[in-house]
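Protein sequence lines, in the order shown, are assigned to chains A and B.
Okay, so the first sequence: first residue is 882 according to this note's numbering, each after it adds one.
Okay, so the second sequence: first residue is 2 according to this note's numbering, each after it adds one.
Glycine included, C-beta positions come from ideal geometry on N, C-alpha and C.
In this text the structure is predicted, and so the values were computed from the model without any measurement.
Worksheet: one structure, shown below.
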Amino acid sequence: MLTLYRPGDGPWHRLPAGPKSLVLLVIVLGVSLLPASWWCAAVAVGACVGCYAVPGAGMRDLFRQVVAVRWILLVTLAGQLVFTGPENAVANTARVCAAVVISGLLTLTTPVSELLDVLERAMRPLAWLRVDPQRAALTVAVTLSTLPVLARLEREVREAQRARGGGRSLRLFAIPFLVVALKHADALGDALTARGVR
Amino acid sequence: MSYLELDDVDVRLGDTEVLRRVSCSLDERTIAVIGDNGSGKSTLARLVGGLTHATGGTIRVLGLDPARDATRLRRRVAVVFSNPDTQIVMPTVAEDVAFSLRSDKLPRDEKTRRVDEAMRRFGLTELAGRASHDLSGGQKQLLALCGAFVRRPDLVIADEPTAYLDARNARRVADHLFEEGRHRLLLVTHDLALARRCEKAVLVQDGAIAAVGAPDEIVAQYEVGLGC
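Structure (structure tokens):
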């Protein structure tokens, strides 16, 4: 879902971040508003394949994105199957999958620095609500770039747990993970301050 | 007037007095700060960098008060920490270096030129498009240094910058820190050989400055205390 930028020179890569966000937003909205039926599920899947069939992306990237959200899809499908029946369940899951995967194209084909500029511009009107656009955009960028760090910290805590003979206890994992994550947040705050972010 | 002036400075964090009655006046281009873990070295570095504020006394860094002139000071001072992972903000190498210039009002071309120049200087040009967090420890620390130096600071504060590095990478990082240039260096280190490369050394013990002088003398004094 939050796959980071992959360099390339396809049409999605060449499209400036602002217009690209709008195009993808329109496609995602279109897919989301489809009625829940078998043919709409097929349209949603077709939209995904169509968006990723463009040079510069590719079916491998589409597969990776779907794998990344597999648990969300499974939970959505299972819940809908119980309450709404197979047609609704498949159509709704296909729509959710399409919306997430198509929006993933933005981060996949746009450098974070460009995203940051677009977010800043888009959030400017919020300034009158006392939302600092620069700070808000930076928060998004920092969140995106912190994900790989948290994944590494998670791995390190798990390894330390195994090295000391610990089992798969959630409690034994959660506490040290929380501690290292908070320490990282603290240090990152210092680093941002040191790099001139107010 | 020296670029680093501390007069009776206290730092209290909660109930703990981390630095007490610290006074010194330093003007050498490269200054080493040595001492035991928990002695207050890093707090001293953070204080000079404006990341921690004094609870008593007066402090002037490059003629500025870090508490009152924080924004102006941060434009002139760069801080490098021991763990490069905490300093990397952007996902790719080139973007992370460019991030340091984000708040500077420079023309886009000038920013690009300075980023390219800094990456060339630190040997990162080939890695420009690589994911920052996939780099080796040495490369990450070079990236952190590059992100600091691209701003062309007057003072670089490095808090154990070689702590996580092997000998080869530690030497590369140290050589960049000691490069001739416009910057002054305040280096907090446990590496006594590195401290000896500085023009002046400060020994911090139990939250106070125990000695200031020529690096060879100060290191020798510290080693006596270690029982070496």
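As a quick exercise: from B:Ile210, B:Asp86, B:Gly208 and B:Pro154, pick the residue whose alpha carbon is nearest that of B:Pro162. Comparing C-alpha distances from B:Pro162 to each of B:Ile210, B:Asp86, B:Gly208 and B:Pro154 shows the shortest one belongs to B:Asp86.
Taking C-beta pairs closer than 8 Å, name the residues in chain A that B:Met91 reaches, listed in chain order. The answer, in chain order, is Val993, Ser994, Ala1022 and Ser1026.
Tell me, to the nearest whole angstrom, how far the beta carbon of A:Leu943 is from that of A:Val930; I am working on the premise that it is less than 8 Å. Indeed, because the Cβ distance is near 7 Å, the residues count as touching under 8 Å.
Just the Cα atoms here: how many angstroms apart are A:Phe979 and A:Val963? Here residue 979 of chain A turns out to be Ala, not Phe, going by the sequence shown. Counting only the Cα atoms, A:Val963 lies some 22 Å from A:Ala979.
Distance cutoff 8 Å, beta carbons only. Does B:Asn84 sit that close to anything in chain A? It does: the Cβ of B:Asn84 has a partner Cβ on chain A nearer than 8 Å.
So with CB distances below 8 Å, who are the chain B contacts of A:Asp1013? In chain order: nothing, as chain B lies at least about 12 Å away.
Would a check of beta-carbon distances place B:Ser101 closer than 8 Å to chain A? Interface residue, yes.
In chain B, what lies closer than 9 Å to A:Pro1029 by C-beta? Per Cβ cutoff of 9 Å: Pro92, Ala132, Ser133, His134 and Asp135.
Rounded to a whole number of angstroms, what is the C-alpha to C-alpha distance between B:Ala119 and B:Ala149? The straight-line gap separating the alpha-carbon atoms of B:Ala119 and B:Ala149 is approximately 10 Å.
Throw me the rounded Cβ distance for the B:Arg22 and B:Ala209 pair, which I believe falls under 8 Å. Right, their Cβ atoms sit about 7 Å apart.
Applying the 10 Å Cβ sphere with the 16-neighbour rule, what's the burial state of A:Met940? With fewer than 16 neighbouring CB atoms inside 10 Å of its own CB, A:Met940 falls in the exposed class.
Could you spell out where the alpha helix (DSSP H) holding A:Gln1042 opens and where it closes? Its alpha helix (DSSP H) spans residues Pro1014 to Ala1044.
Could you give the C-beta distance for B:Leu125 and B:Val174, rounded to a whole number, given that I count them as a contact under 8 Å? Between B:Leu125 and B:Val174 the beta-carbon gap is near 13 Å, outside 8 Å, which marks them as no contact.
Between which residues of its own chain and B:Asp217 is the CB-CB distance below 8 Å, once the five residues before and five after are set aside? The beta carbon of B:Asp217 sits closer than 8 Å to those of Arg197, all from its chain and outside the five residues before and after it, given in chain order.
For a test of the three-state rule: what should DSSP assign to B:Val203, helix, strand or coil? Of the three classes helix, strand and coil, the one that applies to B:Val203 here is strand, per DSSP.
Could you have a look at B:Glu180 and say whether DSSP puts it in helix, strand or coil? Three-state DSSP puts B:Glu180 in coil, outside helix and strand.
Along the alpha helix (DSSP H) that carries A:Ile1056, what are the first and last residues, could you check? Counting along the chain, the alpha helix (DSSP H) containing A:Ile1056 begins and ends at Leu1051 to Ala1075.
Can you tell me the Cα-Cα spacing of B:Thr93 and B:Ala129, whole angstroms? About 7 Å.
Three or more C-beta pairs closer than 8 Å, one from the region 35 to 46 of chain B and one from the region 94 to 104 of chain B: is that the case here? Taking 8 Å as the limit for Cβ pairs, the verdict is that the region 94 to 104 of chain B does not touch the region 35 to 46 of chain B.
Opening and closing residue of the beta strand (DSSP E) in which B:Val189 lies: Annotation for B:Val189: the continuous beta strand (DSSP E) segment containing it runs Arg185 to Val189.
Check the Cβ of A:Thr990 against every Cβ in chain D and list those closer than 8 Å, keeping chain order. The displayed structure is made up of protein chains A and B, and chain D is not among them.
Apply the 10 Å Cβ neighbour rule to A:Ile983 and answer buried if 16 or more other Cβ atoms are within range, or exposed otherwise. Classification for A:Ile983: buried.
How should A:Gly899 be labelled, buried or exposed, when 16 other C-beta atoms within 10 angstroms of its C-beta is the threshold for buried? That one is exposed.
Would you mind giving the Cβ-Cβ distance between A:Ser918 and A:Ala975, rounded to the nearest angstrom? I have them listed as a contact below 8 Å. A:Ser918 to A:Ala975, Cβ: 10 Å. No contact.
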